[in-house]
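Step one of this worksheet: look at the structure below.
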Amino acid sequence: MAKPEQPAPRPPEPGVVAAIVAEVYAHCRADTSGELADYIPELAAAQPDSFALCLATADGRIYGTGDTTTAFTIQSISKPFTYALALADRGPEAVAQRIDVEPSGEAFNEISLDPVTERPRNPMINAGAITAASLISGHNAKERFQRILDCYSRFAGRGLTMNEAVYASESRTGYRNRAIGYMLRSFGIIDSDPDEAVDRYFRQCSVEITCHDLAIMAATLANNGVNPGTGARALTAALTEQVLSVMTTCGMYNAAGDWVSTVGMPAKSGVGGGILAVLPGQIGIAVYSPRLDPHGNSVRGVAACRELSKRLELHFL
Ligand code: DON
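Here my numbering is used: the first residue of the sequence shown is 179, the next is one more, and so on.
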């Protein structure tokens, strides 16, 4: 006899969610530990005490508190979205020939390839992200970056733009990423101009978002690739699943194990102070707080995601 189906857990009432978001914000606010990223000089200009928390549901509700309309740069949170576009442009097999999906346990900017496959270990570290940027289709560099911007904008549900000052600052100081680009070219992982791929990576990292935008981007991933606000499809369901899988194992770099055990959701952080987390099928979470821990993850961002996961029972892994 077939086993009776378990009823799906009922999502909490909107009033309860709003109250929990406000409580978690208040709970995490007092922690002013951590440091602003300053290896890209312009990032040190952020307001260190800014703090915003937003939760967006796959059916289009948004709950936010704090500095939810403060602009900041997306930084490494761009990586899953450019990887998504590369998958859509080239197909999963062609992308897999150049970028693995194994957790690296290394810093995001490690100058390394897997010694056996001679490929970047995953698309969330810089080597994999620069490779993904090299795989974006278009007639010229301008069009390729515009396609990235259009892709991110479909996820956010509004036209996003780049912060020129942050881009110029990273471009002026990005020797390590250039070294990674040249390494990739010398191993044949990138077969086009490495300077163009690295420049595109600098540009994508400098796209400006708010915590509100980031929550909608997360909710679009939660909603199988369809933006819950606009109804536009940003990514196929199959590719959304692939992106979320890689975020689960590689999104938080060498803090990934701790993240999975304490938060239990696919996520991605950026040195601009943002974190995006996704409960597939249900919820997108975004936090902005620019003081970072030694891994390069937002201190209050990690704490808020842990606390939300605990109070709303979001841990699903
Ligand atoms: O590659 C870099 O240096 C930056 N533009 C992005 C790094 C980043 O956000 C790392 N994440 N925590």
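Each residue gets a CB set at the ideal place from its N, CA and C atoms; glycine is no exception.
DSSP state of residue i mapped onto helix, strand, coil
{"i": "Met-430", "result": "coil"}
{"i": "Ala-319", "result": "helix"}
{"i": "Tyr-241", "result": "strand"}
{"i": "Thr-251", "result": "strand"}
{"i": "Lys-181", "result": "In this predicted model, Lys-181 has a pLDDT of only 47, less than 50, meaning its place in the structure is not dependable enough to derive any value."}
{"i": "Ala-334", "result": "helix"}
{"i": "Ser-439", "result": "helix"}
{"i": "Ile-308", "result": "helix"}
{"i": "Gly-507", "result": "Since the displayed the chain opens at 179 and closes at 495, residue 507 lies outside it and no answer follows."}
{"i": "Arg-356", "result": "helix"}
{"i": "Glu-491", "result": "coil"}
{"i": "Arg-411", "result": "strand"}
{"i": "Leu-470", "result": "strand"}
{"i": "Met-302", "result": "coil"}
{"i": "Ile-368", "result": "coil"}
Counted within 10 angstroms of its Cβ, other Cβ atoms place residue i as buried (16 or more) or exposed
{"i": "Tyr-241", "result": "buried"}
{"i": "Glu-491", "result": "exposed"}
{"i": "Gln-324", "result": "exposed"}
{"i": "Ala-396", "result": "buried"}
{"i": "Asp-278", "result": "buried"}
{"i": "Tyr-353", "result": "exposed"}
{"i": "Val-536", "result": "Residue 536 cannot be examined here, being either before or after the span of the chain that is shown, 179 to 495."}
{"i": "Ser-384", "result": "buried"}
{"i": "Ser-211", "result": "exposed"}
{"i": "Pro-270", "result": "exposed"}
{"i": "Glu-348", "result": "buried"}
{"i": "Ala-334", "result": "buried"}
{"i": "Ser-312", "result": "buried"}
{"i": "Asn-318", "result": "exposed"}
{"i": "Asp-371", "result": "exposed"}
Which listed residue (the options) has its alpha carbon closest to that of residue i
{"i": "Ile-308", "options": "Glu-288, His-317, Pro-293", "result": "Glu-288"}
{"i": "Leu-214", "options": "His-205, Gln-225, Ala-208", "result": "Gln-225"}
{"i": "Pro-444", "options": "Gly-474, Pro-468, Ser-487, Arg-350", "result": "Ser-487"}
{"i": "Leu-495", "options": "Gly-479, Pro-301, Ala-455, Val-480", "result": "Ala-455"}
{"i": "Val-294", "options": "Ile-303, Pro-301, Arg-276, Asn-304", "result": "Arg-276"}
{"i": "Leu-221", "options": "Val-449, Pro-281, Leu-457, Pro-258", "result": "Val-449"}
{"i": "Asn-304", "options": "Glu-296, Leu-263, Ala-357, Ala-274", "result": "Ala-357"}
{"i": "Arg-299", "options": "Leu-313, Ala-311, Gly-283", "result": "Gly-283"}
{"i": "Leu-265", "options": "Thr-427, Glu-419, His-493, Glu-485", "result": "Glu-419"}
{"i": "Ile-255", "options": "Arg-350, Glu-280, Arg-381", "result": "Arg-381"}
{"i": "Glu-280", "options": "Ala-481, Gly-435, Gly-451", "result": "Gly-435"}
{"i": "Leu-263", "options": "Pro-301, Asp-227, Ala-285", "result": "Pro-301"}
{"i": "Arg-469", "options": "Ala-223, Ala-200, Ile-198, Ala-196", "result": "Ala-223"}
{"i": "Ala-433", "options": "Val-421, Ser-447, Phe-259", "result": "Ser-447"}
{"i": "Glu-201", "options": "His-493, Glu-296, Thr-243", "result": "Thr-243"}
{"i": "Cys-329", "options": "Val-404, Arg-350, Gly-451, Ala-481", "result": "Val-404"}
{"i": "Leu-291", "options": "Met-430, Tyr-360, Gly-238", "result": "Tyr-360"}
Cβ-Cβ separation, residue j to residue i (assumed contact under 8 angstroms), whole Å
{"i": "Ala-230", "j": "Thr-251", "result": "Contact doesn't hold; Cβ gap of about 14 angstroms is too wide."}
{"i": "Asp-267", "j": "Ser-315", "result": "4 angstroms"}
{"i": "Cys-206", "j": "Glu-485", "result": "6 angstroms"}
{"i": "Thr-248", "j": "Thr-426", "result": "That belief does not hold up - the Cβ atoms of Thr-248 and Thr-426 are roughly 28 angstroms apart, past 8 angstroms."}
{"i": "Arg-332", "j": "Ala-410", "result": "6 angstroms"}
C-beta neighbour in chain C for residue i, strict 8 angstroms
{"i": "Gly-352", "result": "Included in the structure is just one protein chain, with no chain C present."}
Q. Can at least three beta-carbon pairs, one atom from the region 384-394 and one from the region 447-467, be found at a separation below 8 angstroms?
A. yes
Q) Counting pairs of beta carbons, one from the region 404-420 and one from the region 432-443, are three or more of them closer than 8 angstroms? A) no
Q: Say whether the region 203-219 touches the region 467-481, bearing in mind that this needs 3 or more beta-carbon pairs closer than 8 angstroms, one atom from each stretch.
A: yes
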